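Asker: Chains as they are written, first to last, in the numbering used here: chain A, 1 to 119; chain B, 1 to 115. Structure below; questions to follow.
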Amino acid sequence: GAVVSQHPSWVICKSGTSVKIECRSLDFQATTMFWYRQFPKQSLMLMATSNEGSKATYEQGVEKDKFLINHASLTLSTLTVTSAHPEDSSFYICSARVGTGGRYSQPQHFGDGTRLSIL
Amino acid sequence: AQTVTQSQPEMSVQEAETVTLSCTYDTSENNYYLFWYKQPPSRQMILVIRQEAYKQQNATENRFSVNFQKAAKSFSLKISDSQLGDTAMYFCAFRSGGSNYKLTFGKGTLLTVNP
């Protein structure tokens with residue numbers, strides 16, 4: 001149980017294009033999903049918290065207009081990197097929290113990540 | 001803001017031996033959660049073990065156990081009978097109690113298990 005699917009796993013595209021990454025919870029409903037960015041040999045940095053049916057909450061320093069997040073259903077959140085440039089190349093990982101309400105101890109479960117390469 | 005420190009960027013251990021990865025954190029909260037995640041070369045983040053701060057008993061999951069010292073704000077991971085498949089980056093993570101589910105990660109420790 002608690003499977004999170006992320007698609008695509010790897011994408012290469014030209015500078016200036018927009019890229020959409022999907023994050024799905026396959027066997028549970030995820031009220032909250034998280035988007036992380038990871039540079040090579042570094043830790044995960046939280047970009048934003050995605051809440052179903054409402055606007056995402058972005059971390060300080062993350063451009064809202066650059067990284068568009070949509071969480072239209074309880075099983076799907078999308079991250080769109082708009083007008084991507086080489087400096088946006090990175091590994092993007094989503095996670096989803098199992099459980100709602102008082103189940104505060106439930107951990108996050110992660111997708112397999114998306115390697116984004118902008119030429 | 002909470003911080004998580006992993007002071008060992010790299011470690012190595014021989015197969016079948018025991019290794020301990022260290023993690024310290026800083027918080028003013030009394031209720032929180034701590035996690036160890038494993039990231040193998042495939043880059044998938046895998047939950048290894050978790051600990052609720054209000055529990056005094058150290059968590060154990062098969063070959064993985066923690067030494068949770070709340071007063072010292074220390075949360076080390078012990079891997080017994082190390083296996084080649086344990087080779088990975090290990091991240092310590094902190095999460096506040098209550099409804100804030102954000103995770104704060106340490107910088108990670110690269111563990112290599114040698115045959």
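Glycine residues also receive a C-beta, built at the ideal position from the N, C-alpha and C atoms. Model, not experiment: these values are computed from the prediction.
#1: Quick check on DSSP: helix, strand or coil for E52(A)?
#2: Report the rounded CA-to-CA distance for C39(B) versus H7(A), giving the unit in angstroms.
#3: In the region 45–60 of chain B, which residues sit with their C-beta less than 7 Å from some C-beta in chain A, listed in chain order?
#4: Report all residues from its chain with a CB closer than 7 Å to the CB of Q29(A); omit the five preceding and five following residues, and keep chain order.
#5: Would you say K70(B) reaches chain A, if we count a Cβ-Cβ gap shorter than 8 Å as a contact?
#6: Under 8 Å between C-beta atoms, does R103(A) make it to chain B?
#7: Look at the alpha carbon of D65(A) and the alpha carbon of N114(B), and state the distance between them as a whole number of angstroms.
#8: Can you name the residues of chain A whose CB is closer than 9 Å to the CB of F105(B)?
#9: Quick one: which chain A residues come within Cβ less than 7 Å of Y90(B)?
#10: Can you tell me the Cα-Cα spacing of Y54(B) and N30(B), whole angstroms?
#11: Closer than 9 Å by beta-carbon distance: list the chain B residues that pair up with D112(A), in chain order.
#12: From W10(A) to K70(B), what distance separates their C-alpha atoms?
#13: At a cut of 8 Å, does the region 84–92 of chain A reach the region 24–39 of chain A through at least three beta carbon pairs?
#14: Using DSSP's beta-bridge definition, name the partner residues of C23(A).
#15: Distance check for P41(B) and T80(A), CA to CA, integer angstroms please.
#16: Examine chain A for any beta-carbon lying closer than 8 Å to the beta-carbon of Y101(B), and answer yes or no.
#17: I believe T82(A) touches S18(A) by the beta-carbon criterion, under 8 Å. Please report the beta-carbon distance rounded to the nearest angstrom.
#18: Taking C-beta to C-beta, are T24(B) and T5(B) nearer than 8 Å?
#19: Less than 8 Å between the CB atoms is what I'm expecting for R97(A) and Y101(B), so what's the real figure, rounded?
#20: Could you tell me whether any Cβ in chain B is nearer than 8 Å to the Cβ of F91(A)?
#21: Quick one: any contact between the region 53–70 of chain A and the region 103–112 of chain B, if contact means 3 or more CB pairs under 8 Å?
#22: Tell me, to the nearest whole angstrom, how far the beta carbon of I69(A) is from that of A84(A); I am working on the premise that it is less than 8 Å.
#23: Could you tell me whether the Cβ atoms of L119(A) and S15(A) are closer together than 8 Å?
Answerer: Taking the geometry as given:
#1: coil
#2: The question names Cys, yet the displayed sequence has Gln at residue 39(B). Answer to the nearest angstrom: the Cα atoms are 18 Å apart.
#3: M45, L47, R50 and E52
#4: L74 and T75
#5: no
#6: Annotation note: pLDDT 49 at R103(A) (below 50); position unreliable, coordinate value reported separately. It does not: the Cβ of R103(A) has no partner Cβ on chain B nearer than 8 Å.
#7: 46 Å
#8: Y36, S43, L44, M45 and L46
#9: By Cβ distance, chain A contributes nothing, its closest Cβ being about 11 Å from Y90(B), past 7 Å.
#10: 8 Å
#11: S42, R43, Q44 and M45
#12: 41 Å
#13: yes
#14: Q6(A) and S77(A)
#15: 25 Å
#16: yes
#17: 5 Å
#18: yes
#19: 5 Å
#20: yes
#21: no
#22: Not confirmed; about 15 Å, so no contact.
#23: yes
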